[in-house]
Amino acid sequence: MEETKIIYHIDDEETPYLVKIPKAPEKVTLGDFKNVINRPNYKFFFKAMDDDFGVVKEEIVDDDAPLPAFNQRVVSWIVSADTSVADSLSQCGDEGAPRHQAYHSSGGESTGGGGGGGGGNTLDDTTCTETD
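Right, here's the structure in full:
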């Protein structure tokens, strides 16, 4: 029987954890992973490949969504929803704020920016795109 190794990092802990799920990598879902680690109130990010940005940390929220795998392995970062900085990192507009993008697999679109105005942007920034 095939198995999938999932390496995951919790919050700011230095050493990652490893779990094995007795399913082929293309069949492992977020729900399978959640059942193994039992971490309520966490956000789940996974190493994924984006055509525009390359390697990214993609947030997956749908329990039925398949997890992105590379070489039979899945790499994940789980962050406490109470202390998550992902929401602030996915916003565009503040000049001093880090320019990162959080992706959700449920809709395929980014959660960033989109507000329509764009008045504060003085530089060409390919990290954030408007969805209007």
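Numbering of the sequence shown is given in the numbering used here, commencing with residue 24 and proceeding in unit increments. Beta carbons are placed, not taken as given, at the ideal position from N, Cα and C, and that holds for glycine. Computed from a prediction, not measured in an experiment: that's the story for all the values here.
Report the three-state DSSP secondary structure of residue i (helix, strand or coil).
i    : result
F69  : strand
F184 : For residue 184 there is no data in the structure shown, the boundaries of the chain being 24 and 155.
K46  : coil
T27  : strand
P63  : coil
F93  : strand
I83  : coil
V102 : strand
V51  : coil
Answer with buried or exposed for residue i, where buried requires no fewer than 16 other C-beta atoms within 10 angstroms of its C-beta.
i    : result
D85  : exposed
S103 : exposed
V78  : exposed
P63  : exposed
P121 : Because the pLDDT at P121 is just 39, under 50, the model does not fix this residue reliably, and the point stays unresolved.
P91  : buried
E81  : buried
Assuming residue i contacts residue j (C-beta within less than 8 angstroms), just tell me the rounded distance between them.
i   : j   : result
I83 : L41 : About 19 angstroms; that fails the 8 angstroms criterion.
K70 : F93 : 7 angstroms
Nearest CA to the CA of residue i: which residue from the options?
i    : options            : result
P89  : F68, P63, D105     : F68
P45  : V98, T27, W100     : T27
V97  : T38, E25, V51      : V51
W100 : K66, E49, E25, M24 : K66
D87  : I30, E36, E49      : E49
K43  : E36, E25, D75      : E25
I60  : E37, D105, H32     : H32
Any beta carbon from chain D within less than 9 angstroms of residue i's own beta carbon?
i   : result
E81 : Although the question refers to chain D, the structure presented lacks it and comprises just one protein chain.
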